[in-house]
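**Student:** Input: one structure, supplied below.
Protein chains in written order, with the working numbering: chain Z, 1 to 410; chain Y, 1001 to 1275.
Here it is in structure tokens:
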């Protein structure tokens, strides 16, 4: 039986084949011991500061909010080594894997950010590394595929199912079931069977802890809202955890794709139904028999038909409000932040930013402080965005971007 | 409360009296489609299968290798639903009233369909036992209570015993598994690519603990494997991917498919005799 509670309300659990239970129990035990171990904490901290670059900055937008009374603060996880928040927790999990005597690490990746983070820590600590990535995602996030291979990881392009993140997860689980004696499965998001959602949250909660303290120092108060994008939910739970004991409104932003009422989205919390998938009871996009649908999003990192169980719980108890941002809204935010602030956000993080922009536009005269988790940088997205803008005729003859036409719903 | 099905118990008793092991073929329901699937089920029974283990096709079969994944995909592409799979079982049951039938499922298919309704429909359509590939012992009753729901509808819950199970887990499986114990010959997923292991110690331990009969599965594809499984102390053998491959390579020729299945099952069954 597990040491920690595997459930969040009725969500969560460890629904995996019996063969994997000893490996999950070993992981949980190692994690619980590590939390009390000064040497572990010292090494983790040292790597977070001197290798990954923590603490990350909190940046006030100078131009994006002009003409309104909104202040938008960006938590700059895009500045973390590797280019996204993913590095925070792979360091923690890799140290756990070393404590367990594993020599090989496998991971799934969607946008490739978790794959890149896994590859870099494996290079540093000397693990053999294999990354599972849906073929469709590998195509739209090509730069990250090369980054992973450059750092010595084997990238396995998954061609089963829908060739995207859920199929990469299935493939990683199959590998894990055969090789758990030597191999650690480094799940990249706050989903999957217990203890992964808890471990990932504990290694990511530094985001919100830092941001809350930084904002207190600058503004002397909490924000009026904290906003993060949600695919599986690791950057969001990392931001939210520090605020769960407060009354600060929290917004999780899901990929609404072509619209919540189209069949093309990944809005699991808003449109999903309850079930047990990828090791946990949560909300899934699925039919009435429980067959999992393919999700859709412009952003590979949010393109997932399930979500971390703690988010399902936080929605259930009404603590976090989950909303959607469409492809167009995210694309507009992507271009706006680049153009106005000189920061290229990841397509994933652009969804969170789109919600902040929406709140700003709805109440231009309201004095409000919005905290946005800029979970990753967008360098990986530039080729794909360039292609999309060209296809839609949003590039003028002189090469400039027709920003006002990106989001026709506006 | 529906009375527990006795078909597995009766079958194993009869086999013991004949000094035979059980040969249990596995196929995915509605692979490649409902009508052919019903013929396949009849063929397996007519060729001498002692029981059937039937998979419900799932969109994300993470405990299965490429062969069963492809079967699930064929079934779903042909329009398989849980109700149509039940229909296939019930059409077989009409002609074979005594053969034990278990369903191998992923838990989402139970939960989303509705746990109570699922076990009720399973029973109504002639299923005797259910195995849930992704529900370990520790999750049987601590979220929703699968044990109580199965029992209420007279369905036996078969548990899966991996070769790395601790003695504590083996004890729990021995005490709780009904109908049979699905003993895994090795780690990993279904398929014939990997060698199959010989978990002699675990099979012996299950016997000592008076568990339900143990069927060995994973990697069994030849009559020789069946013999080895019985020598290792199993009460029978389950063969899935090798059978599904026969379906796969005869998709365009149903007659040849059914003939090949017949020959394969006869040979595998023959290996269970005179142990």
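Virtual Cβ for every residue (Gly too), placed ideally from N, Cα, C.
What separation, rounded to the nearest whole angstrom, lies between the Cα atoms of residue 400 of chain Z and residue 334 of chain Z?
**Tutor:** Rounded to the nearest angstrom, the two C-alpha atoms are 15 Å apart.
**Student:** Under the rule that 16 or more other beta-carbon atoms within 10 Å means buried, what is residue 197 of chain Z, buried or exposed?
**Tutor:** Buried, because 16 or more other Cβ atoms sit within 10 Å of the Cβ of residue 197 of chain Z.
**Student:** From Y:1043, Y:1235, Y:1094 and Y:1169, pick the residue whose C-alpha is nearest to that of residue 1016 of chain Y; which is it?
**Tutor:** Answer by Cα proximity: Y:1235.
**Student:** Among Z:193, Z:115, Z:97 and Z:296, which has the Cα closest to the Cα of residue 310 of chain Z?
**Tutor:** Looking at the Cα atoms, Z:193 is the closest of the given residues.
**Student:** What are the residues of the segment 1062-1082 of chain Y that lie near chain Z, defined by any Cβ-Cβ distance shorter than 7 Å?
**Tutor:** Going along the segment 1062-1082 of chain Y in chain order, one finds 1062, 1063, 1069, 1076, 1081 and 1082 with a Cβ nearer than 7 Å to chain Z.
**Student:** Among the residues of its own chain, which have a CB less than 8 Å from the CB of residue 259 of chain Z, if the five just before and after it don't count?
**Tutor:** Contacts found: 265 and 326.
**Student:** Using 8 Å as the threshold, is the segment 1048-1067 of chain Y in touch with the segment 156-176 of chain Z, meaning 3 or more CB pairs across them?
**Tutor:** Yes, the segment 1048-1067 of chain Y is in contact with the segment 156-176 of chain Z.
**Student:** If you reduce the DSSP assignment to three classes, tell me which class residue 1077 of chain Y lands in.
**Tutor:** Residue 1077 of chain Y falls in the helix class under three-state DSSP.
**Student:** Just to confirm, are residue 255 of chain Z and residue 282 of chain Z a CB contact at a threshold of 8 Å?
**Tutor:** Cβ distance not < 8 Å, so residue 255 of chain Z and residue 282 of chain Z don't count as in contact.
**Student:** I'd like to know whether the C-beta atoms of residue 378 of chain Z and residue 347 of chain Z end up nearer to each other than 8 Å.
**Tutor:** Cβ atoms of residue 378 of chain Z and residue 347 of chain Z: closer than 8 Å.
**Student:** Measure the C-alpha to C-alpha separation of residue 1133 of chain Y and residue 329 of chain Z and round it to an integer number of angstroms.
**Tutor:** Going by the C-alpha atoms only, they are around 41 Å apart.
**Student:** Label residue 1045 of chain Y either buried or exposed according to how many other C-beta atoms from any shown protein chain fall within 10 Å of its C-beta, with 16 as the threshold for buried.
**Tutor:** Buried.
**Student:** Would you mind listing the alpha helix (DSSP H) stretches within the segment 1154-1185 of chain Y that are 4+ residues and don't spill past its ends, in chain order?
**Tutor:** Counting whole runs of 4 or more residues, the segment 1154-1185 of chain Y contains the alpha helix (DSSP H) stretches 1167-1176.
**Student:** Examine chain Y for any beta-carbon lying closer than 8 Å to the beta-carbon of residue 173 of chain Z, and answer yes or no.
**Tutor:** Cβ-Cβ to chain Y under 8 Å: yes for residue 173 of chain Z.
**Student:** Under three-state DSSP, which class holds residue 130 of chain Z?
**Tutor:** It is a strand residue.
**Student:** Under 9 Å, CB to CB, which of the residues in the segment 1125-1141 of chain Y have a partner in chain Z?
**Tutor:** Under the 9 Å Cβ criterion, the segment 1125-1141 of chain Y contributes 1132, 1133, 1134, 1135, 1136, 1137, 1138 and 1139.
**Student:** In chain order, what residues of the same chain have a beta carbon less than 8 Å from the beta carbon of residue 1209 of chain Y, not counting five sequence neighbours either side?
**Tutor:** Result list for residue 1209 of chain Y: 1170, 1171, 1174 and 1175, in chain order.
**Student:** Within the chosen definition, does the segment 1083-1098 of chain Y reach the segment 1121-1132 of chain Y through at least 3 CB pairs nearer than 8 Å?
**Tutor:** Segments in contact, yes.
**Student:** Starting from the beta carbon of residue 289 of chain Z, find every residue of chain Y whose beta carbon is closer than 7 Å, and list them in chain order.
**Tutor:** Those within 7 Å of residue 289 of chain Z in chain Y are 1081, 1082, 1109, 1112 and 1113.
**Student:** On the three-pair Cβ rule with 8 Å, is the segment 1023-1035 of chain Y touching the segment 348-368 of chain Z?
**Tutor:** No: fewer than three Cβ pairs fall under 8 Å.
**Student:** Please determine, among Z:274, Z:117 and Z:279, the residue with the shortest C-alpha to C-alpha distance to residue 81 of chain Z.
**Tutor:** The option with the nearest alpha carbon to residue 81 of chain Z is Z:117.
**Student:** By a C-beta neighbour count over all protein chains shown, 10 Å radius and 16 as the cutoff for buried, is residue 146 of chain Z buried or exposed?
**Tutor:** Per the 10 Å Cβ criterion, exposed.
**Student:** Hey, is residue 286 of chain Z's beta-carbon within less than 8 Å of any beta-carbon in chain Y?
**Tutor:** For residue 286 of chain Z, the answer is yes, since a Cβ of chain Y falls inside 8 Å of its Cβ.
**Student:** What is the C-beta distance between residue 188 of chain Z and residue 109 of chain Z, in whole angstroms, given that I count them as a contact (C-beta under 8 Å)?
**Tutor:** So it is a contact: roughly 6 Å between Cβ atoms.
**Student:** Residue 320 of chain Z to residue 1002 of chain Y, Cα distance in whole Å?
**Tutor:** Straight-line Cα distance between these residues: approximately 44 Å.
**Student:** Could you tell me which chain Z residues have their CB closer than 7 Å to the CB of residue 1026 of chain Y, listed as they occur along the chain?
**Tutor:** Residues of chain Z passing the Cβ test: none, with the nearest at roughly 16 Å.
**Student:** Give me the subset of the segment 1167-1189 of chain Y whose CB atoms are less than 9 Å from a CB atom of chain Z, sorted by chain position.
**Tutor:** Here the close residues are 1169, 1173, 1184, 1186, 1187, 1188 and 1189.
**Student:** If you reduce the DSSP assignment to three classes, tell me which class residue 6 of chain Z lands in.
**Tutor:** It is coil, neither helix nor strand.
**Student:** Based on the DSSP output, what are the partners of residue 1217 of chain Y in its beta bridges?
**Tutor:** Per DSSP, Y:1184.
**Student:** Which value, in whole angstroms, describes the spacing of the CA atoms of residue 85 of chain Z and residue 152 of chain Z?
**Tutor:** Cα-Cα distance, rounded: 21 Å.
**Student:** Verify the CB distance criterion: does residue 277 of chain Z have a CB-CB separation below 8 Å to chain Y?
**Tutor:** Yes, contact with chain Y.
**Student:** Output yes if chain Y places a C-beta closer than 8 Å to the C-beta of residue 254 of chain Z; else output no.
**Tutor:** For residue 254 of chain Z, the answer is no, since every Cβ of chain Y falls outside 8 Å of its Cβ.
**Student:** Got a sec: which bits of the segment 1150-1164 of chain Y sit with their beta carbon under 9 Å from any beta carbon on chain Z, in order along the chain?
**Tutor:** For the segment 1150-1164 of chain Y, which is checked against every Cβ of chain Z, the residues closer than 9 Å are 1159, 1160, 1161, 1162, 1163 and 1164.
**Student:** So with CB distances below 7 Å, who are the chain Z contacts of residue 1005 of chain Y?
**Tutor:** Going along chain Z, no residue has its Cβ under 7 Å from residue 1005 of chain Y, so there is no contact; the nearest lies around 23 Å.
**Student:** Give me the residue from Y:1198, Y:1050 and Y:1026 with the minimum Cα distance to residue 1269 of chain Y.
**Tutor:** It is Y:1050.
**Student:** What residue does the alpha helix (DSSP H) around residue 337 of chain Z start on, and which one ends it?
**Tutor:** Counting along the chain, the alpha helix (DSSP H) containing residue 337 of chain Z begins and ends at 327-341.
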